[in-house]
Amino acid sequence: MAFTDRKPKFNKKNPYIDRRESKNREIRQALVHKARLKKKYIKELEKSGEKLPERSSKREEEAEKKKNQLTFQDRQKLAKERKKASREQREKEKLERELQVEKKQKEREKKKEALAQRTKYGQPLMGPRINNLLEKIQKEYGDKK
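With UniProt numbering, the residue at position 68 of the sequence shown is 68, and numbering never jumps.
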């Protein structure tokens with residue numbers, strides 16, 4: 001009997017259990033690889049006699065950010081100014097809308113009066129009605145040109 005006829009042994013280990021560990025290992029390997037490449041690059045620069053690139057420290061960058069940041073009072077004042085400006089803008093828009101509504105209301109009243117005119121026999125006058133239709137047509141086709 002040959003040993004080749006046997007089934008392969010079953011591997012009880014679940015390949016999906018240690019995913020976190022394998023991911024950590026991959027990350028570590030990538031970091032080590034980057035560090036090696038950086039080290040080799042610096043050595044090559046030293047061999048060729050070129051200047052090394054300056055390293056900017058994170059502490060200096062953080063200090064610059066802190067210098068550029070506004071104080072609490074300044075931020076508060078800025079927020080109040082923005083709020084005030086937006087409030088004024090809203091009030092201005094509201095006033096414009098109210099004026100527009102009032103103007104349209106007056107126009108409607110005028111049209112209503114003109115269309116309500118009657119002859120002495122109670123028939124509606126055709127002049128204002130025709131003028132109204134003419135205005136509508138001019139408005140519709142006048143805007144398209």
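All C-beta atoms in this analysis are idealised placements derived from N, C-alpha and C, irrespective of residue type, glycine included.
CB contact flag (residue i, residue j, <7 Å)
| i | j | result |
| --- | --- | --- |
| Gln117 | Leu125 | yes |
Backbone secondary structure at residue i - three-state DSSP
| i | result |
| --- | --- |
| residue 158 | The chain is shown only over 1 to 145; residue 158 falls outside these bounds and no answer can be derived. |
| Arg6 | coil |
| Leu133 | helix |
| Ala18 | The sequence shown places Asp at residue 18, rather than the Ala named in the question. Of the three classes helix, strand and coil, the one that applies to Asp18 here is coil, per DSSP. |
| Gln69 | coil |
Backbone CA spacing between residue i and residue j [nearest angstrom]
| i | j | result |
| --- | --- | --- |
| Arg36 | Gln76 | 48 Å |
| Asp18 | Asn24 | 10 Å |
| Met1 | Ala30 | Any reading at Met1 needs caution, since the residue's pLDDT is 49, under 50, leaving its predicted position unreliable; the model's value is listed next. For Met1 and Ala30, the distance between alpha carbons rounds to 49 Å. |
| Lys104 | Glu61 | 59 Å |
| Gly142 | Leu134 | 11 Å |
| Lys87 | Lys94 | The question names Lys, but residue 87 in the sequence shown is Arg. Whole-angstrom Cα-Cα distance: 11 Å. |
| Gly127 | Lys106 | 20 Å |
| residue 190 | Lys65 | For residue 190 there is no data in the structure shown, the boundaries of the chain being 1 and 145. |
| Arg108 | Gln100 | 12 Å |
| Lys112 | Asn132 | 11 Å |
| Lys83 | His33 | 52 Å |
| Gly122 | Lys110 | 20 Å |
| Thr71 | Arg55 | 30 Å |
CA nearest to the CA of residue i, picked from the options
| i | options | result |
| --- | --- | --- |
| Pro53 | Glu88, Leu78, Lys39 | Lys39 |
Residue i - partner residues in DSSP beta bridges
| i | result |
| --- | --- |
| Arg36 | DSSP, once it has assigned bridges, lists no residue as partnering Arg36. |
| Arg82 | Beta-bridge pairing links Arg82 to no other residue. |
| Arg118 | Pro124 |
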